[in-house]
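Here's the structure, in C-alpha cells; my notes come after.
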Amino acid sequence: MKKILVLLLLAVVGFYVAETFFDIGFGNSHFVKNEAIKPVKDIYLQQTVQELKVSNTVTSIVVNFRGFDTLGEVTVLFLSVTALGSILYKKRHHVGERSVLFSASSIVTSGSKLLFPAIVLLGAYVFIHGHLSPGGGFQGGVIIATGFLLMLLAYENYSVSHNGLSIVESLAGITFAGVGLLGFMNGGTFLQNFLPTGVLNDLFSGGVIPIIYIAVGFKVAAELTGVIYTVLNEKGEQNG
Amino acid sequence: MDSTYFQYLDYAVYGTAVLVMLTGLYAALVKRSLLKIVIGLSIVDSGLNLLIVTLGYLKGGTAPIFSAGYDGTQTMVDPIPQALVLTAIVIGFGVTAVALSLVIRLWRHHHTLYIDEIKNLKW
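Read top to bottom, the protein sequences are chains A and B.
According to the working numbering, the first sequence is numbered sequentially starting from 10.
According to the working numbering, the second sequence is numbered sequentially starting from 119.
Below, the structure is given as C-alpha cells:
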C-alpha cells in the first residue's frame, strides 16, 4: 500500500520535472532571435580570454566571477568536517582503535606504497594546472585524499596527524581569504586580480587564480583526509 | 549532426537524469535501513547534477576550455551550470558525510540500522 502511494507520488513529480525540461529542449540556444540580448556565458567566455588570460572558463567562473561563492562553499565543507568530528566525538581511550575486518595482504601493502606518491603527484598536477586543463582544486584535492584512503586501508597502523591536517587546512583557508583581502587593498573589490595576467595557456598566467586554486586544493585534500580518518577510526561496539 | 537524432536524444538524456533522481527518492522513501536512505539521498544528488549539466549543453558545442587545440570558430557549451554543479557536488559530499556520521551515532545508541526497530522515533 505504501509503495503504491510512493510510486504515485514519484510519477507525479517525475511527470512535472520531465515536462518542464522537455519544454526547454536539449542543446538549444535561446538567444538566436534577439541580437540585443546576449547570454551571460558570452561575456564570461570573452572576459576569461581577454582580461583574465585563463584557458579553463569553468575555473575562471568558480574562482574569479563567483569567487565569493566558492569561499562560502569551502566554508560549508569545513563546517561539515567540524560537525563530523563533533558528532563522532569520543573519550580519549577509544581514539586510535580502528575496526579492521581482515588485514591487507602483502600485495596490497607493497602495491599501495608504490602507488601513493604517484597518486599525490597526479593530484598536485590536476590542481596546479586547474586554470589550463580540466580539473582544479576540488578535483585535485579529492585525488590526494584517495591516496591517503589507500594508505589507511592497506596499513592498519598508518596514522595521519590531526594537528598537521588542521594546520594545512587553516593555512590554505587564510591564503584564500588573504588573497581576497589583498584585492581590496589594491583598490579593487574582494578577490579582484592584482597580479600580472601573463600569456594565455602559460603555466604562470591568470594572476591570482592559480594561487587560490592551489590553496583550495590543499584545503580540500586536508579536509577529506580528515573525514576518512575520523570515520575509519570509528570502532563500533559489537556487543552492547 | 542529424536533427532527428537529437530529437530522440532529448528524451533519453533528460529521461535518464529524471529517472536517476526518482530512483533515489524511491529508495529514500521506501527503504527501512538508514544506510540505504543515505545512499538514496546521494543518488538524488547525482540525478540533479546530471540534469543541471545537461541543461547547459549546446548543439555542436565543445568544452569551454581555450587550450591550444581550439580554433576560435566553434561554439562552446554553457560553463555556468558546470561551475554550479562543481559547487553542488562538494555540498552533496558534506551532506552525505554528516548524514553518515549521524547514522554511526544512532548505531552506537540503538545497535540497529533499521528505523522500525528504533522505538524512540514512533509517535
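All C-beta atoms in this analysis are idealised placements derived from N, C-alpha and C, irrespective of residue type, glycine included.
Taking every protein chain shown into account, the CB of Ile-153(A) has 16 or more other CB atoms within 10 angstroms, so this residue is buried.
At a C-beta separation below 7 Å, Lys-50(A) has these neighbours in chain B: Asp-196, Pro-197 and Ile-198.
Residues of chain A with a Cβ closer than 9 Å to the Cβ of Arg-223(B) are, in chain order, Ile-96 and Leu-97. The beta carbons of Ile-70(A) and Tyr-53(A) sit about 6 Å from each other, so the pair counts as a contact at 8 Å.
Straight across, the Cα-Cα distance linking Ala-135(B) with Asp-128(B) is about 11 Å. Annotation for Met-194(B): no alpha helix (DSSP H) segment contains it, and DSSP assigns it neither H nor E. Contact between Val-72(A) and Thr-79(A) holds: their C-beta atoms lie close to 6 Å from each other, under 8 Å. Taking the CA atoms as reference points, Leu-204(B) sits about 12 Å from Arg-75(A). Around the CB of Thr-29(A), fewer than 16 other CB atoms lie within 10 Å, so the residue is classed as exposed.
Taking a beta-carbon distance threshold of 8 Å, Ser-175(A) does not count as an interface residue toward chain B. The three-state reading of DSSP puts Ile-236(B) in coil, since its state is none of H, G, I, E or B. Counting along the chain, the unbroken alpha helix (DSSP H) around Gly-150(A) starts and ends at 146-163. Contact note: Glu-243(A) reaches chain B through Ile-222, using a C-beta cutoff of 7 Å and chain order. Around Gly-226(A), the same chain offers Phe-136, Gly-146, Gly-149 and Gly-150 as residues with beta carbons nearer than 6 Å, after the five sequence neighbours per side are excluded.
Under the 10 Å beta carbon count, His-138(A) is surrounded by 16 or more other beta carbons and is classified as buried. Under the DSSP assignment, Gln-55(A) falls in the alpha helix (DSSP H) whose first and last residues are 49-56. Closest in alpha carbon position to Ser-214(A), among Leu-19(A), Gln-59(A) and Gly-36(A), is Gln-59(A). For Ile-183(B), DSSP records a beta bridge to Asn-65(A). Three or more beta-carbon pairs separated by less than 8 Å link the region 205-221 of chain B to the region 152-160 of chain B, which places the two stretches in contact. Cβ-Cβ separation between Leu-159(A) and Leu-124(A): approximately 7 Å, consistent with a contact (criterion under 8 Å). Check the Cα spacing between Ala-186(A) and each of Thr-206(A), Ser-175(A), Leu-161(A) and Val-217(A): the tightest is with Val-217(A). Look at Ser-151(B) here: in three-state DSSP terms it is strand. The beta carbon of Tyr-222(A) sits closer than 7 Å to those of Thr-68, Val-72, Phe-136, Gly-139, His-140, Gly-145 and Gly-146, all from its chain and outside the five residues before and after it, given in chain order. For Thr-29(A), the enclosing alpha helix (DSSP H) begins and ends at 11-33.
For Pro-219(A), no CB of chain B lies under 8 Å from its own CB, so it is not counted at the interface with that chain. Put simply, the backbone Cα of Lys-228(A) is about 10 Å away from that of Thr-234(A). Spatial neighbours of Val-177(A) in its own chain (CB-CB distance under 6 Å, excluding positions within 5 residues in sequence) are listed in chain order as Phe-227 and Ala-231. Ala-181(A) carries a helical assignment under DSSP once its states are collapsed to helix, strand and coil.
For the region 149-181 of chain B, the residues whose beta carbon sits under 9 Å from a beta carbon of chain A are, in order, Leu-169, Thr-172, Leu-173, Gly-174, Tyr-175, Leu-176, Lys-177, Gly-178, Gly-179 and Ala-181. Residue contact check for Tyr-222(A) against chain B: no CB pair falls below 8 Å. Close to Lys-12(A), with beta-carbon spacing below 8 Å, are these residues of chain B in chain order: Val-148. The Cβ atoms of Ile-237(A) and Leu-161(A) sit closer than 8 Å to each other. Taking C-beta atoms under 8 Å as the contact rule, Gly-133(B) and Gly-165(B) fail to qualify, at a distance of about 11 Å.
Within the model, the alpha-carbon separation for Thr-184(A) versus Leu-190(A) is close to 10 Å. Cβ-Cβ separation between Pro-182(B) and Thr-206(A): approximately 18 Å, too far for a contact (criterion under 8 Å).
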